[in-house]
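Enquirer: What follows is a single structure, and I will ask about it in a moment.
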Amino acid sequence: MSDDRRPVKPTVDAKENQDASKTQAEQARADTTEEEEEEQRELREKAAEAEALRAQLDKGEEEKKK
Numbered sequence: 001m002s003d004d005r006r007p008v009k010p011t012v013d014a015k016e017n018q019d020a021s022k023t024q025a026e027q028a029r030a031d032t033t034e035e036e037e038e039e040q041r042e043l044r045e046k047a048a049e050a051e052a053l054r055a056q057l058d059k060g061e062e063e064k065k066k
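Number 13 in the UniProt record's numbering belongs to position 13 of the sequence shown; there are no gaps in the numbering.
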């Protein structure tokens, strides 16, 4: 028996599916990055608000002592 198996070239559909999968994966990564950036932005805003409240509290305590 001879071995007639040869490498099969991907079909056009397979190539398109592969390209579509790559595009979907890239979009998912981009979405994740945007979500992470938004979360970081929100955390920075909350940290700034907390710092401002601490400063007000400290100022109020100093005025109470006077």
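Beta carbons are placed, not taken as given, at the ideal position from N, Cα and C, and that holds for glycine.
Pick out the complete alpha helix (DSSP H) segments inside the UniProt region "Disordered" (1 to 66), 4 residues or longer, and give them in chain order.
Expert: Listed in chain order, the complete alpha helix (DSSP H) runs (minimum 4 residues) inside the UniProt region "Disordered" (1 to 66) are 12 to 65.
Enquirer: Could you tell me the distance, in whole angstroms, from the CA atom of R41 to the CA atom of Q18?
Expert: Each residue's alpha carbon lies about 35 angstroms from the other.
Enquirer: Here's a check: name, in chain order, each residue in its chain whose Cβ is nearer than 7 angstroms to the Cβ of A14, leaving out the five neighbours to either side.
Expert: Counting only Cβ-Cβ distances below 7 angstroms, and skipping sequence neighbours, we find nothing.
Enquirer: Between the C-alpha atoms of A50 and K59, what's the straight-line distance to the nearest angstrom?
Expert: Cα to Cα, A50 sits roughly 14 angstroms from K59.
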